[in-house]
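The block underneath contains the structure these notes are about, expressed in C-alpha cells.
In this note's numbering, the protein residues as written are 626 to 740.
Here is the structure:
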C-alpha cells in the first residue's frame, strides 16, 4: 500500500496515526521531497477525475490569481498545475490494490482495511 502526502499536513498525520494504530503497513511518498509524476496524476484522473483530488479549500488554491483558477476547466489545465503545486492535491492519497482514496475518512478506512 502506498500513501502520498506531505509530512506536515495535519490530515496526513491523522491518517498515518490511524494506519499505525490499526497495524496497517504502508509506504509513504512525500510530495514535497519526491513530487508526483505526470503518469500518476493521469492515472488518478482516469480512475477518479481530477475534481476529486484538486483541493480548492486549501491555501494554495485560494492564493492563486483568479485568472489561473478560472482557466482550470479540464484535466489539461488541472494536472500540470497539480504537478507544479502538489499542495493542491487533496491529502492523503491512498492506493491499495485498486482502492484509491483522497483525504481522511475513518469510516471508509475501517471498511476498506476491515478494522
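Note that beta-carbon positions come from the ideal geometry of N, C-alpha and C, so glycine has one too.
All values derive from a computational prediction rather than experimental measurement.
Assuming residue i is part of the beta strand (DSSP E), what are its boundary residues?
i, result
"residue 718", "718-721"
"residue 627", "627-630"
"residue 727", "724-727"
Closer than 7 Å by C-beta to residue i: which residues in its own chain qualify, once you throw out the five before and the five after it? Chain order, please.
i, result
"residue 731", "643"
Residue range of the alpha helix (DSSP H) that residue i falls in?
i, result
"residue 695", "691-696"
"residue 684", "684-687"
"residue 681", "Element bounds for residue 681: n/a, residue is neither H nor E."
Identify whether residue i lies in helix, strand or coil by the three-state DSSP scheme.
i, result
"residue 655", "strand"
So residue i and residue j are supposed to be a Cβ contact under 8 Å. How far apart are they, rounded?
i, j, result
"residue 672", "residue 725", "5 Å"
Here's a check: name, in chain order, each residue in its chain whose Cβ is nearer than 6 Å to the Cβ of residue i, leaving out the five neighbours to either side.
i, result
"residue 719", "628, 726"
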